[in-house]
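A.B. asks: I'd like to ask some things about the structure below.
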Amino acid sequence: MCSIDFNRRADEVAPLVLGSILWRGPVGLRLTEVEAYLGPDDPASHAYRGPRGRAVTMFGAPGCLYVYLSYGVHRAANLVCSPAGSASAVLLRAGEVVAGRDLARQRRGWDADDVVRPDHRLASGPGNLGTVLGLKLTDDGARLGDDFVLEPSDTPSRNVLMGPRTGITKAVDWPLRFWLAGEPSVSPYRRSPKAPRVAEDRL
DNA sequence: CCCCTGATTATCT
DNA sequence: GATAATCAGGGGC
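Just so we're aligned, residue 1368 is where the first sequence starts under the working numbering, counting upward by one.
This is the structure:
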């Protein structure tokens, strides 16, 4: 098991973090779906317009958490990549709860024995993943190795698939979404209803 | 299964 | 004022 080099760009880091376990207290999450955002080069990235507002964190130290408020409701987490001063990040989209199941279900407001809501949906989607980890906006900028710990998988994942990112309206066809084949926590691809119908926004 | 909508707030135009 | 790296729930087929 070698630790992950977050000085690399997010599209290189993204497939490597799949299968590793993100710990936050008693909750352990095996990452099954992520997306790369490439900073100033990427019109879909929060860092597209430089180190301003919430995007400042993305230009900070690699290996930190970038937490933002999504649609005014959810908290989503990224792993900051690229050397400080530049910016890219890996958005955590889904994971499998491998520890702390009771607390995870409690944070989702799910009864422990609710059959209609299976465990594999606990951390499916960026907002749900953030809820399961108990993310707060004050976690923005947190460094891995303290409150949050990333435990790399001992063997590189060999069942990584790649495709377009979901829910965005710019650069919609860039293949920067990575996931593990056959994982039930991975949600089916959904193109944004507002996305252009032709790929007219490629560079 | 698919499509549509409301909720809620930081950021951008 | 509009949009957004979302989610849950509803109605229709």
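Virtual Cβ for every residue (Gly too), placed ideally from N, Cα, C.
Restricting to Cα atoms, I'd like to know which of S1520, R1416, T1522 is closest to S1453.
C.D. replies: Ranking S1520, R1416, T1522 by Cα distance to S1453 puts R1416 first.
A.B. asks: Within its chain, find whatever has a CB closer than 6 Å to the CB of D1481; leave out the 5 residues flanking it on each side and keep chain order.
C.D. replies: Closer than 6 Å at Cβ, skipping near neighbours: no residue.
A.B. asks: Which partner residues of E1518 appear in the DSSP bridge assignment?
C.D. replies: For E1518, which the question treats as bridged, DSSP gives the partners I1388.
A.B. asks: Restricting to Cα atoms, I'd like to know which of R1474, V1440, D1521 is closest to S1370.
C.D. replies: The option with the nearest alpha carbon to S1370 is D1521.
A.B. asks: Smallest Cα separation from Q1473: which of L1458, N1495, V1457?
C.D. replies: Among L1458, N1495, V1457, the Cα nearest to that of Q1473 belongs to N1495.
A.B. asks: For the putative contact between V1447 and M1425, defined by C-beta atoms under 8 Å, what is the C-beta separation to the nearest angstrom?
C.D. replies: Between M1425 and V1447 the Cβ distance is about 6 Å, and since that is below 8 Å, they are a contact.
A.B. asks: To which residues does DSSP link N1445 through a beta bridge?
C.D. replies: Per DSSP, Y1433, L1458.
A.B. asks: Under three-state DSSP, which class holds G1395?
C.D. replies: Note: G1395 maps to strand in three-state DSSP.
A.B. asks: R1397 and V1465: beta carbons closer than 8 Å?
C.D. replies: Yes, these two residues count as a Cβ contact at 8 Å.
A.B. asks: Of all the options A1422, R1488, K1503, which has the alpha carbon lying nearest to the alpha carbon of A1391?
C.D. replies: According to the sequence as given, residue 1391 is Arg; it is not Ala. Among A1422, R1488, K1503, the Cα nearest to that of R1391 belongs to K1503.
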